[in-house]
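In the numbering used here, the protein residues as written are 29 to 284.
Using N, Cα and C, we set each Cβ at its ideal position, and we do this for glycine too.
See below for the structure under consideration.
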């Protein structure tokens, strides 16, 4: 294989009600699992999001409310999804910024503490943008010389993403082919949470990346403005972002 694997890797794509990590819900997820011996298996779940699907989202992926009527909510399929990606690495297109954060959010909502640190992650879009500073359809045409049929169908997007990565490995001879190297190359540096609300400054300290305290150290703000933490916890921020902020807040007390 062109892609060097020490354990299975799961390519996946998610369609959702929108792009707000904290509020929107998954309505479709496709996973393509590649084993080190080249064996493949794939599974697609259509999910009831427990909220209406906005027309502007339907216009992108084509999934309507009636398409998910009678389907199971995420909490009822969380365990099968978790089992499929357990002890694997993860890859997707724009997955570090959207698919992984919203998946973790849904897992937390279902009562499952999903530890992303157990997985190497490859974001094919980041490799694409670093190597050829352009969407998935363009990448598919550029690398695979094919037209992407049914773009924004999670299954089509998932398989296209896998093909693109293989083509990238073939094209860029200096791009290392093992998962850990690709994880490092496509990793979002200086981001403490998954959604990008918390960054790491040059000194290694967490800083806010939004709002009135953008660019300021989180621990100092929590000392200065004691209500800011509570405001965040009661607002529509992703659960994982809130979890990281709680760990930062608790760090001060644990060090005393």
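DSSP three-state call for residue 126: helix, strand or coil? Helix at residue 126.
Give the C-beta separation of residue 76 and residue 101 to the nearest angstrom, bearing in mind that I take them to be a contact with Cβ-Cβ under 8 Å. The Cβ separation is near 5 Å, so the contact holds.
Only counting the same chain, and skipping five residues up and downstream in sequence, which positions put a Cβ closer than 7 Å to that of residue 229? Same-chain partners within the cutoff: 235.
For residue 228, does the three-state DSSP call read helix, strand or coil? It is a strand residue.
Would you call the stretch 149-158 and the stretch 120-129 in contact, with 3 or more CB pairs under 8 Å? Segments in contact, yes.
Backbone secondary structure at residue 151 - three-state DSSP: DSSP places residue 151 within a strand segment (E or B) once states are collapsed to three.
Return the first residue and the last residue of the beta strand (DSSP E) that residue 60 is part of. In the DSSP assignment, residue 60 falls within the unbroken beta strand (DSSP E) covering 54-62.
Check whether residue 129 and residue 222 have beta carbons under 7 Å apart: Cβ distance < 7 Å, so residue 129 and residue 222 count as in contact.
Pair within 7 Å by beta-carbon distance, residue 180 and residue 89: Cβ distance < 7 Å, so residue 180 and residue 89 count as in contact.
Cβ-Cβ distance between residue 74 and residue 96 below 7 Å: Taking 7 Å as the Cβ cut-off, residue 74 and residue 96 qualify as a contacting pair.
Could you check how far apart the C-beta atoms of residue 58 and residue 186 are, in whole angstroms? I think they sit under 8 Å. Between the beta-carbon of residue 58 and that of residue 186 there is about 4 Å, and that keeps the pair under the 8 Å contact cut.
Would you kindly work out how many angstroms separate the C-alpha atoms of residue 250 and residue 142, rounded to a whole number? Residue 250 and residue 142: Cα-Cα distance of roughly 26 Å.
C-beta contact flag for residue 44 and residue 37 at 7 Å: Against a cut-off of 7 Å, the Cβ pair of residue 37 and residue 44 comes out as no contact.
CA-CA distance, residue 72 and residue 114? Across the structure, residue 72 and residue 114 are spaced so that their CA atoms are roughly 16 Å apart.
Bridge partner(s) assigned by DSSP for residue 74: In DSSP, residue 74 forms a bridge with 56.
What is the DSSP secondary structure of residue 265, counted as helix, strand or coil? The DSSP-derived three-state label of residue 265 is coil.
Keeping to the same chain, check which residues put their C-beta closer than 7 Å to that of residue 91; ignore five residues upstream and five downstream. By the criterion of a C-beta distance shorter than 7 Å, residue 91 is surrounded in its chain by 43, 55, 56, 81, once the five residues flanking it on both sides are discounted.
Does DSSP classify residue 134 as helix, strand or coil? Per DSSP, reduced to three states, the secondary structure at residue 134 is helical.
Between residue 260 and residue 246, how many whole angstroms is the CB-CB distance? I'm expecting something under 8 Å. About 10 Å separates the beta carbon of residue 260 from that of residue 246, a gap too long to meet the 8 Å contact definition.
Helix, strand or coil for residue 142 per DSSP? Residue state for residue 142 is assigned as coil, using DSSP reduced to three classes.
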